[in-house]
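Participant:
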Amino acid sequence: MNPSIPRRHFLRAAGSLIALPALESLGYRAFAAEKKTTPPKRMLFLGMGFGVTRETWYPDPKQQGAHYVLPEGLQPLARHQQNFSVIQGLTNKFNTEGHWGSTFWLTGANRYGVPGQNFHNSISADQVAAAVLGADTRYGSLHFSTNNGLGDGHGPGLSLAWNAQGKPIAGIESPTLAFHRLFSEEKTSLAERKALFAQQRSILDAVLVDAKRVKRGITKTDADKLDEYLESIRDIEIRISKEEKWSGAPKAKAPMPEPAAGLTGEQQIKAFYDLALAAFQTDSTRVITYRQPVNALLKGFDLKNPVDPHSMSHYALGLSTGDASQLRDKAQSKLLAELLDKLKSIKEADGSTLFDHTCLVFGSNIRSVHSLDNCPTIVSGGASIRLGQHIVLPKDTPLSNLWLTLLQGVGVSAERHGDSTGTLSQLVS
Amino acid sequence: MKPVCTDSFLLRFSRSGTGSQSGARPLALALWLLWVIPQGGHSAPAAGGATPPAARVDEKHRGFFRDYCVECHGPKKQEGKLRLDEISFALDSVETADRWQKILGQINSGEMPPEDARQPSKIVKSDFLDNLSQTLVHARRTLSDTQGKITMRRLNRREYQNSIRDLLGVRVDVQDLPADGGAGTFDTVGSALFMSSDQFERYLELGRKALDHCFAKLDTGTRFFSIHREPETETNINTLKKIQKVDATQAKYLEWTAAVDQLAALPENQALVAEIRALPTVKAVPSRFYIQWSVRKPEPSPKAFGFSDASEAEFLAGQYAKIRIDKDYISLPHKDTGTYLTLNLGHSLEKIEAGKDWPPGDYLLRVKIGALEDSAPERRFLQVGHADPKNPNSPGASFQHFTTLQITGTVERPQVLEIPVRIDPETPRLIYLRERTGRGKDYKLTTDSLRSTGKGPKPALWIDWLELEGPVQNKPVAGAAKPKPPEPLFQLAGLSKASPQARQTEARQILERFALQAFRGKKAEPEFIDRLMALFETRIQAGESFEIAIRTPLSVILASPGFLYLQELGEEGKPRPLKQLEFVSRLSYFLWSAPPDEPLLELARAGQLNQPVVLAQQIKRMLDSEKSFAFTSGFLTQWLNLERLDLFQFDLELYPNFDDAAKEAARMEVLKTFEHLLRNGGSLTRLLKSDFVMINGLLAQHYGIPGVEGNEFRPVALPKGHERGGLLGMAAILAMGSNGRESSPVERGAWVLRKLLHDPPPPAPANVPQLTRLEGKLLTTRERLAAHQEEPQCSQCHRKIDPIGFGLENFDASGRWRTQDSYFKKGVGKKEWPIDPAGAFYKGPAFRNFAELREIIANSPRRFSATFAEALVEYALGRPVGFTDQALIQQMTQAAEQKNFVLSEYLFALINSREFQSK
């Protein structure tokens, strides 16, 4: 491999995404653990924070199945009606936090579940998936995020993802940064990188020696706290090993141009969608979560009275808040429709499309206002699920049942997740 | 205005109290005696009991179940597998609490009792919901009680930044570190401070940046830089040159057109003249006659007048009209000795630039400046700032101010302003000055002026000269010895060439010394230093010089647990007194959000901090130090939820003067008031009602208080009965209780209950149906919020919240006093009404106006005292306050009350408590 090939050499000029056959990129074939005949499964979780406009987003519950009228808020998705399903009736029964649309969305945890703690969380569905699907890719999982978590109705957390210990996983907040992580080649030579890996390991070894000192004589609670530090060091060790394994392989060539710096709102969502596609297409990772911006999206709307996300969530139809809420529903649906267009246009090596192998979920733990029942949920893509359906589940069906269904649908053999009680037979194809 | 369920956004976790005070001594004749603190689900703590009593739903509500629920959820039927006749009313486990949460949710959402079943009366339902919500809050808190356990703390972002500052003398930008806390706790609560691999790597990077910055400073040693600028020598001369040039061109143009006119007047040319005048282009713009003439006649040639052709002559002449603004500018009287700052158009920015070789650090900007005598008072403000580094070429549009200053000097008697300026490695070196703009009025002021006079608005500010100098610590002092370079942390001179032996010894010493400081007096393990030495040698082998190579191991120290965590030895369940070295860190991170300094460490090493006099002296010294502002700001911002001020932009059309500068000043008022009380033996009760305010000139304008000018916040006495004085009269507090357009009685009322009255409303319930039927109708605020009283799910809280909010309606969204309010909806109309602040506390005293409302609150200082003490305990100990803290809180509030609630007494009592001094 020649690492000095100018990065993004031949793809810089491309105007937008180029539909390269997935897995055909240089790195994958040479370094994937084994050659696969069928394309791998991917998962994409999109969290929207504050919920939707109840009156104009949910289909009529009486019209179940394939023949339902797409409501106003979902209209921009009309051309894809056969490509997704809308699910009603899902609830995270433990969540009582009307502003936390993402904190427990993928975990189903009980905040007060552990006596003596006033905040508890558990592993998110994406991390369960990443443990299996992420083994053969350069990045086990990727997390895009907005830094306005509380203001946008996501709740505590740094991204949608929580690790096996229930601790927040950091997210990447800039598309440019994500692009560089995915596609920019290190400027150093292989030998230099080897030396760097060695140095990074020495650094980790050194801080571990100090950690041992600090740990001596402290309480169990404190030792548990310090374990978060040790855990993060272990994570880096794993990452270095992985990087080392991959260091002979150049990063995948970017199937998209570098996003402009400083994108916000709708432009940023578009850029992150493209990055998600590019990451899947190049098989750089198979699991991605995205905690989406709300305030920045609202700022792009042409409203007489600007509305902040929280006021929007308390919408009243006919007023600025209602306008903002409905505009947002439509903007999100439009972006999602464009994402589905691209997923369907990107061909896999076997002639199928990326759409066929990507399980996509769009939603929130918040329905609308402070309501936490009937979480808005759109599922799409290839996870052995029925598409084109409007499914109304019995009231208060655990949201975790959806995660379990989808995990199993992409071949992750989980038996339970969060507060799951089973899988959703109505959804399984 | 939204008649919807209350919540104070982001404020859902009340940081305030668990219970009422029991055993507090009654204040004679105080109103609060008549006004009983609601017990709700709070039970008074049993003195000395080890385990908190379980939260209990009031037994009287068994009747509610019997009457409305048991028929379907009882012995006969157990719908939903739920049986309510036997349910335990004690919420003593997570499972029971979850079950009750579900019951609350069902009733709140209106699903139960079912529509076709018998319904409880509104008042019965409200009372039941009120009791149940409060009990659940209490249960959650009891069940999550840490039993006094303090989890080891990681430095939060503020503390990390200050620790680096104290170690290296440089400021790091911590925006790249993940935000701390989040679950509603203070950023000092150890259990909520996490760590991730990304974060570890950012610590490594930031530490390295800080070290590079520090070495850059060492390199420049004691050099002192300065620059002086007389702006008129550039700006005005350039303007003058431009005017002269355009004027000269205009003169030539006039000569040329006069020559044409002369020929055109000749009889033989009349036919041609008529032909040209008939052209549509000439009809549209008569001056185009000359171009058309030139097309047809070679004489008089434009070349003879210095133009390449007639079109150029026409174009250049067009410039003449446009220099009017410059001419107006240059005709101002004091242009020979200084420059004016115009509003929006023309010369709106002045600047000064630090040299590229000047090291990062603290500098001083000096400006000799005055305001024009007839300028409006609200325009006599200067803003100093940078262009946004992302958009450096249009500083006007991307201007970001870092300070706003009132100008009290005049053109005749200018003042010299001294403005501290920090230059960081990444900040732009070009500093801009402009009139305070961005207010709603500016644009209108400019367009109106252009329309009526053809000129921009008259300037308000005039600058004589500017100076920039620094780094400040290197300033030579006449007669004094040359300044010494900062205490050299690293003795590096000549080491690059030293023998490997000497190099090793030296490097090891540096690492040991630095680790000792970074670990706040604790020694690193020799093995740790060995590993750092190995890293150092690797860098040397890689070809780096000594002073570069040493930075790698130094930055590792700054990412080590010994630096990042406040380690305190201990054994689970067996509290023990802190060692002095541990105690001194806890103390300094409490009062400074920074590590202990050398005097503190020395006392700790000598074991003298347990002497009450010594400790008291040190606390006093620490509070008097400017470092204690980190406590004031860190604690108050979080406790009072001042972050909310940043959540929304104010509508500058409605509140033209409540711009970012005013918001900043309003926030500062809260902090400066607290700091003033803390340092000067002031009483906490002054935050409820006060005979003075801490304001500067800008805020005085906002409040309409005459005679206060300048930028320093200072105590200003108020006339008796003034609406200001105390938190409830502060613009920041009132503005937080708004959405930037309208005041929000709900936000304000809930804040008062939560922060001042120790009666926090429970979290806004999920799943309550939204009330929107009154949206957009022409109603007064009271009429609109009347909807809150219709449904028990709403009235359970709003009957307490709304009346207080109405009592504050005399303050508009920006905190200005008003007596009228209005509601406008396009296409519907406008309604105006006089403010009616009268009301009554729920089951409490009545008030006729704001003054009486404030009086009642001020007369219940114990409620506020308890809220404050609880918040302080949580902030200082770094764990959620719980049942186990009741004794400590009582101890603090009683000690303070004996001294008339003096603010610093709470801190002394807390620091001297067993809890603060033990692990």
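These protein sequences, in sequence, are chains A and B. Basically the numbering used here = 1-based index in the first sequence + 204. Basically the numbering used here = 1-based index in the second sequence + 54. Built from N, CA and C at the ideal position, the CB exists for glycine as well.
Using a beta-carbon distance below 8 Å, is Phe-298/A in contact with chain B?
Facilitator: Yes, because at least one Cβ of chain B sits closer than 8 Å to the Cβ of Phe-298/A.
Participant: Does Trp-154/B come out as helix, strand or coil in the three-state DSSP assignment?
Facilitator: Note: Trp-154/B maps to helix in three-state DSSP.
Participant: Among the residues of its own chain, which have a CB less than 7 Å from the CB of Leu-294/B, if the five just before and after it don't count?
Facilitator: Ile-384, listed in sequence order.
Participant: Taking the beta carbon of Glu-466/B as the centre, do at least 16 other beta carbons fall within 10 Å, making it buried, or is it exposed?
Facilitator: Exposed is the call here.
Participant: So the candidates are Thr-739/B, Leu-772/B and Asp-714/B; which of them puts its Cα closest to the Cα of Ala-786/B?
Facilitator: Closest by alpha carbon: Asp-714/B.
Participant: According to DSSP, Cys-563/A sits in a beta bridge with which residue or residues?
Facilitator: Partner(s): Met-247/A and Gly-585/A.
Participant: What separation, rounded to the nearest whole angstrom, lies between the Cα atoms of Arg-417/A and Gly-575/B?
Facilitator: Cα to Cα, the separation comes out at about 14 Å.
Participant: Exposed or buried, which one is Ala-395/A when buried takes at least 16 other CB atoms within 10 Å?
Facilitator: It is exposed - the Cβ of Ala-395/A has fewer than 16 other Cβ atoms within 10 Å.
Participant: Am I right that Thr-423/A and Gly-624/B are in contact with their C-beta atoms under 8 Å? What's the rounded C-beta distance?
Facilitator: Between Gly-624/B and Thr-423/A the Cβ distance is about 5 Å, and since that is below 8 Å, they are a contact.
Participant: Please determine if the segment 257-267 of chain B and the segment 608-619 of chain B are in contact, where contact requires at least 3 C-beta pairs separated by less than 8 Å.
Facilitator: Judged by Cβ distances under 8 Å, the segment 257-267 of chain B makes contact with the segment 608-619 of chain B, as three or more pairs qualify.
Participant: Which word fits Val-224/B, buried or exposed, when buried means at least 16 other C-beta atoms lie within 10 angstroms of its C-beta?
Facilitator: Buried is the call here.
Participant: Say whether the segment 338-353 of chain A touches the segment 362-378 of chain A, bearing in mind that this needs 3 or more beta-carbon pairs closer than 8 Å, one atom from each stretch.
Facilitator: They touch, by the three-pair rule.
Participant: State yes or no: is the beta carbon of Gly-320/A nearer than 8 Å to at least one beta carbon in chain B?
Facilitator: Gly-320/A counts as touching chain B.
Participant: Taking the alpha-carbon positions, what's the Gly-102/B to Thr-921/B distance?
Facilitator: For Gly-102/B, the predicted model reports a pLDDT of 42, less than 50, meaning its position is unreliable; a value from the coordinates is still stated below. Spanning the two alpha carbons is a distance of roughly 21 Å.
Participant: Is Arg-342/A close to chain B? Criterion is C-beta to C-beta, closer than 8 Å.
Facilitator: For Arg-342/A, the answer is no, since every Cβ of chain B falls outside 8 Å of its Cβ.
Participant: Kindly list the residues whose CB is nearer than 7 Å to the CB of Val-332/A, restricted to its own chain and excluding five residues on each side of it in sequence; keep chain order.
Facilitator: Hits under 7 Å: Leu-611, Val-616, Ala-618 and His-621.
Participant: Starting from Gln-874/B, trace the beta strand (DSSP E) both ways and give me its first and last residue.
Facilitator: Element bounds for Gln-874/B: 874-879.
Participant: One question on the structure: do Gly-735/B and Ser-919/B come within less than 8 Å of each other, judged by their Cβ atoms?
Facilitator: No, these two residues do not count as a Cβ contact at 8 Å.
Participant: Considering only the beta carbon of each residue, do Ala-410/A and Leu-586/B sit closer than 8 Å?
Facilitator: Cβ atoms of Ala-410/A and Leu-586/B: closer than 8 Å.
Participant: Is the Cβ of Ser-972/B closer than 8 Å to any Cβ of chain A?
Facilitator: With 8 Å as the cut-off, Ser-972/B does not count as an interface residue toward chain A.
Participant: Would you please state the rounded distance, in angstroms, between the beta carbons of Leu-310/A and Ala-329/A? I believe it to be under 8 Å.
Facilitator: Indeed they touch by this definition, with Cβ atoms about 4 Å apart.
Participant: So Ile-889/B is in the beta strand (DSSP E); what residue range does that whole segment cover?
Facilitator: Element bounds for Ile-889/B: n/a, residue is neither H nor E.
Participant: Report the CB separation of Glu-489/B from Leu-419/B in whole angstroms; it is logged as a contact under 8 Å.
Facilitator: Not really, about 16 Å apart at Cβ, beyond 8 Å.
Participant: Rounded to a whole number of angstroms, what is the C-alpha to C-alpha distance between His-127/B and Pro-107/B?
Facilitator: Each residue's Cα considered, the two are about 28 Å apart.
Participant: In the DSSP output, which residue or residues are listed as bridge partners for Lys-551/A?
Facilitator: For Lys-551/A, which the question treats as bridged, DSSP gives the partners Thr-557/A.
Participant: How many Å lie between Thr-380/A and Leu-386/A at the Cα?
Facilitator: Each residue's Cα considered, the two are about 10 Å apart.
Participant: Please say whether Pro-446/B and Leu-430/A have beta carbons closer to each other than 8 Å?
Facilitator: No, the pair does not count as a contact, with Cβ atoms beyond the cut-off.
Participant: Mapping DSSP to helix, strand and coil, what is Tyr-486/B?
Facilitator: Looking at Tyr-486/B - three-state DSSP - the assignment turns out to be strand.
Participant: Between which two residues does the alpha helix (DSSP H) carrying Phe-401/A extend?
Facilitator: Residues 394-419.
Participant: So with CB distances below 7 Å, who are the chain A contacts of Glu-626/B?
Facilitator: Going along chain A in sequence order, the residues near Glu-626/B (Cβ under 7 Å) are Thr-423, Lys-424 and Thr-425.
Participant: In three-state terms, what does DSSP make of His-358/A?
Facilitator: His-358/A falls in the coil class under three-state DSSP.
Participant: Using DSSP bridges, identify the partner residues of Gly-424/B.
Facilitator: Partner(s): Trp-516/B.
Participant: Given this structure, state the Cα-to-Cα distance separating Leu-547/A from Thr-557/A, to the nearest angstrom.
Facilitator: Rounded to whole angstroms, Leu-547/A to Thr-557/A spans 7 Å at the Cα level.
Participant: In the DSSP output, what is Arg-495/A paired with across the bridge?
Facilitator: Looking at the DSSP assignment, Arg-495/A forms a beta bridge with Gly-251/A.
Participant: Can you tell me the Cα-Cα spacing of Val-822/B and Leu-362/A, whole angstroms?
Facilitator: Their backbone Cα atoms lie some 28 Å apart in a straight line.
Participant: At the 8 Å Cβ level, is Ile-437/A part of the contact set with chain B, yes or no?
Facilitator: It does; some Cβ of chain B falls within 8 Å.
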